[in-house]
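To start, the structure under review is shown below, and the notes come after it.
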Amino acid sequence: MKKRTQIIILVLLLIFGLIQFIRPQRNQQTNLSRYDILHKTDTEAIVENSLHHACYDCHSNNTVYPWYASIAPVSWMISKHVKHGKKHLNFSEWILYPKEKQLHKLDEIVEVLQENDMPPAYYTMLHREARLDETSKQHLLNWARELKSKISASVTQQE
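Just so we're aligned, residue 10 is where the sequence shown starts under this note's numbering, counting upward by one.
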């Protein structure tokens, strides 16, 4: 029985070691995309800081990975979360979105902030810098509403 347990542990360790070679592609862009929401909009420093710390890891083309993101299978889960987040909203490609989609995304940003759905609790537990205090949250909400008003006005002018 003892020998069997040792073999099982050895096989599991071998499998764990081998899966470390299966690495997902990293979501890292070297500089700010020219299509990024911050590239063309005049944004307060507090809003920019909040976006970078609370949103950009999952909703941009430049994720800042923690040390544990290099260890499989955690790396696979993080990669999946980032892909899922970017599918819903990618700030690095904001300018490529049609104006109607931008307006809809800004509505969603306001909604998830008001309902405390973003950033997710599991993320803020591991990333204290991503926690939004009431001031930061209010600045983000005001920013999203103001940006929506500007975009709405530009859409109305074009019609």
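Ideal Cβ positions, reconstructed from N, Cα and C, are used throughout, including at glycine.
* Alpha carbon to alpha carbon, how far is Trp103 from His136? Give it in angstroms, no decimals. => 25 angstroms
* Helix, strand or coil: which one does DSSP assign to Arg6? -> Nothing can be reported for residue 6: it is not among the residues displayed for the chain, which extend from 10 to 168.
* Asked: Apart from the five residues on each side of it in sequence, which residues of its chain come closer than 6 angstroms, Cβ to Cβ, to His97?
  -> none
* Three-state class that DSSP yields for Val73 in the structure shown -> coil
* To do: May I ask you to verify whether the region 26-41 touches the region 73-89, counting CB pairs closer than 8 angstroms and requiring at least 3?
  => yes
* Close-in-space but distant-in-sequence residues of the same chain around Thr144 (CB under 8 angstroms, 5 per side omitted) -> Ile55
* Is there contact here, the region 41-48 with the region 123-134, by at least three beta-carbon pairs under 8 angstroms? -> no
* Which class does Phe25 belong to by DSSP, given the choice of helix, strand or coil? -> helix
* Asked: Closer than 7 angstroms: is that where the CB of Pro129 sits relative to any heavy atom of the ligand MG?
  -> Questions concerning the ligand MG fall outside what the structure shown contains, since it holds no ligand whatsoever.
* Provide the residue span of the alpha helix (DSSP H) that contains Ala130, from first to last. => 130-135
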